[in-house]
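Trainee: Per the UniProt record's numbering, the very first residue in the sequence shown carries number 1; after that it's consecutive.
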Amino acid sequence: MSTEKSKIRVAIGASLMPVGELIFETDGRRQTSVFTYADEWLENPNSFELAPSLPLNEYPQISTGNRENRRTALPGAISDTLPDSWGRGIIAKVLGGTPTELDFLVSVNDATRIGALRFLDDDGIPMAQWTDPVPRLNQLPDLRRLGAAYESQAKNIKEVAWEILGSSGGLGGARPKSDFDDDGTLSIAKFTSVRDNLPVERAEVATLNMARLCGINAAEARLELLDTDHPVAIIKRFDREGEGRRHYISAQTFLQAGHRDLKHYTDLADLMREYAAEPLDQLKELHSRIMFDCLIKNQDNHLRNHGFLYAGGKNQWVLSPAFDINPVPSKGHELETGISELSGNEGSVEAAIEAAPFFEIDQDAAAVRAKEMAQTISESWKRLFRQQGMTSAAVAAYSPAFEHKEMKYALGIGNSATATKSSEIDGP
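1) Kindly indicate which three-state DSSP category residue 213 falls into: helix, strand or coil?
2) Taking C-alpha atoms, which residue in 69, 373 and 235 lies nearest to residue 223?
3) Could you spell out where the alpha helix (DSSP H) holding residue 142 opens and where it closes?
4) Give the straight-line distance between the Cα atoms of residue 205 and residue 38, rounded to the nearest whole angstrom.
5) Could you pull the DSSP bridge partners for residue 387 from this structure?
6) Whole angstroms is fine: what's the gap from residue 400's alpha carbon to residue 328's?
7) Measure from the alpha carbon of residue 378 to the alpha carbon of each residue in 398, 141, 268 and 99, then state which is nearest.
8) Could you spell out the range, first to last residue, of the alpha helix (DSSP H) harbouring residue 288?
9) Check each candidate in 5, 14 and 34 and name the one with the smallest Cα separation from residue 242.
10) Which residue or residues does DSSP assign as beta-bridge partners of residue 118?
11) Is the closest heavy atom of the ligand SAM to the C-beta of residue 193 under 7 Å?
12) DSSP on residue 300, reduced to helix/strand/coil?
13) Run the CB neighbour count on residue 202, radius 10 Å, all protein chains shown included, and call it buried at 16 or more, exposed below.
14) Return the CA-CA distance between residue 173 and residue 300, expressed in angstroms with no decimal places.
15) Whole beta strand (DSSP E) runs in the stretch 174 to 249 with 3 or more residues, listed along the chain?
16) Classify residue 252: buried if its beta carbon has 16 or more other beta carbons within 10 angstroms, exposed otherwise.
17) Helix, strand or coil for residue 417? Go by DSSP, reduced to three states.
18) Taking the C-alpha atoms as reference points, what is the distance between residue 405 and residue 239?
19) Return helix, strand or coil for residue 376, following the three-state DSSP convention.
20) Go through its chain and collect everything with a Cβ distance to residue 23's Cβ below 7 Å, but skip five positions before and after it.
21) Kindly indicate which three-state DSSP category residue 6 falls into: helix, strand or coil?
22) Find out if the Cβ-Cβ distance for the pair residue 72, residue 114 is shorter than 8 Å.
23) Residues bridged to residue 20 by DSSP?
24) How many whole angstroms separate the CB atoms of residue 181 and residue 135, which I take to be in contact at a CB cut-off of 8 Å?
25) Mind checking which residues open and close the beta strand (DSSP E) that includes residue 166?
26) Give the single residue among 296, 304 and 185 whose Cα lies nearest to the Cα of residue 326.
27) Can you tell me the Cα-Cα spacing of residue 290 and residue 263, whole angstroms?
28) Between which two residues does the alpha helix (DSSP H) holding residue 63 run?
29) Alpha carbon to alpha carbon, how far is residue 221 from residue 417? Give it in angstroms, no decimals.
30) Assuming contact is defined by CB atoms lying nearer than 8 Å, are residue 340 and residue 266 in contact in what I supplied?
31) Would you list, in sequence order, the uninterrupted beta strand (DSSP E) runs of no fewer than 3 residues that lie entirely inside the stretch 57 to 99?
32) How long is the line joining the alpha carbons of residue 140 and residue 233, rounded to whole angstroms?
33) Taking C-alpha atoms, which residue in 36, 214, 49 and 64 lies nearest to residue 29?
34) On the criterion of 16 or more Cβ atoms from any shown chain inside 10 Å, does residue 169 qualify as buried, or is it exposed?
35) Since residue 318 is in the beta strand (DSSP E), which residue starts that stretch and which ends it?
36) Taking the alpha-carbon of residue 87 as reference, which of 27, 160 and 49 has the nearest alpha-carbon?
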């Protein structure tokens, strides 16, 4: 079987500062890549390693994909610029066959690519270039219609995929969405899915607002087309500052975790002590997000739904604003990323409080914080949901995400001399 080899120049930011070289190779079954930092980058006093797992040195660094997870064919910091299922499906539909990781990499619109890394062809032109401009706010109804047509597997699905490739091909998740120009600010428009039985977009915007009420640094969000049956959640891209781009990596890359590796928040905390800017503040922020997830039954907390932005200095990182936080009105609650080895994947406020010292937080202070957050959520969630146009029936359908034993436990902290364990509280 013949082997195909390609060479890509890696740059960063608006100035296209050379960062390194990526050599990609595949024989149709196996995909590998070799990344080497450029001499100009190594000699630059402002250089930094693209991820803790990609140390700043002159040596070639090899990545190999496998059948379970082909994304490992690229270094994590580069793979994080690729889409997940939504965008990958669009690209695959346009290209046909089984695209390689390199195919996905060079098909993403450079104007909307996640983070600050850019990938240049032999002429030094960033890939991919699209002649169509990034869509604007007034095109949201058309983008929603095209997303629904693609999701519904319309007869002309390849034509639809071509139409949305430039605006949607770089995005992750499984739900329909599109990048767009929000009056000069790059943002993401999230659309209702044809499979929805709950108003997910309304709930996500309300929940991000709720997180900010709780003192969490969450992505800016609002709802457009609020008074229609197809509202659109608008999420401001936090990897853009005006015309500038911010380097971003996922928590999975930060930890150098494989697709199926069992990692916990305590593992993330250990690495943040070494690499986070102002680590005590960052650890406190992470711990607050964990407790918030437990209180609203957010289950989609896998490591690609947490991220870090480069903060300047030598390998200094900060948590990106929280994103993709969605309450799930189910009976049980397990976290996809567990708190610690002791508690496993249990979405327990009590376990989060017990683990607080791993985040450099006193347990008593964590308990006070948990109760404050529970009070804020209990007092505000219905109002916030109604503000986003949610009906009384829909609000009631979401109540299991906010009225459950973990919430009762947190609200009851300090109410008696002997605290009741959350496992002893009746209820879902």
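The beta carbon of each residue, even a glycine, is placed where N, CA and C say it ideally should be.
Predicted, not measured: the structure shown is a model, and the values here were computed from it.
Mentor: According to the data block:
1) helix
2) 235
3) 140 to 151
4) 42 Å
5) Paired residue(s): none; residue 387 is not in a bridge.
6) 8 Å
7) 398
8) 279 to 296
9) 14
10) 11
11) Among the components modelled here there is no ligand, and therefore nothing to report on the ligand SAM.
12) coil
13) buried
14) 10 Å
15) 177 to 182, 185 to 190, 221 to 224 and 232 to 236
16) buried
17) Interpretation of residue 417 is limited by its pLDDT of 39, a score under 50 that renders its predicted location unreliable; the figure taken from the coordinates is listed afterwards. Of the three classes helix, strand and coil, the one that applies to residue 417 here is coil, per DSSP.
18) 37 Å
19) helix
20) 5, 7, 33 and 34
21) strand
22) no
23) 10 and 37
24) 7 Å
25) Residue 166 -> not in any beta strand (DSSP E); alpha helix (DSSP H) instead, spanning 157 to 168.
26) 296
27) 14 Å
28) Where residue 63 is concerned, there is no enclosing alpha helix (DSSP H), although the beta strand (DSSP E) it sits in stretches over 61 to 64.
29) Any reading at residue 417 needs caution, since the residue's pLDDT is 39, under 50, leaving its predicted position unreliable; the model's value is listed next. If I take the Cα positions, the gap works out to 41 Å.
30) yes
31) 61 to 64
32) 11 Å
33) 64
34) buried
35) 317 to 319
36) 160
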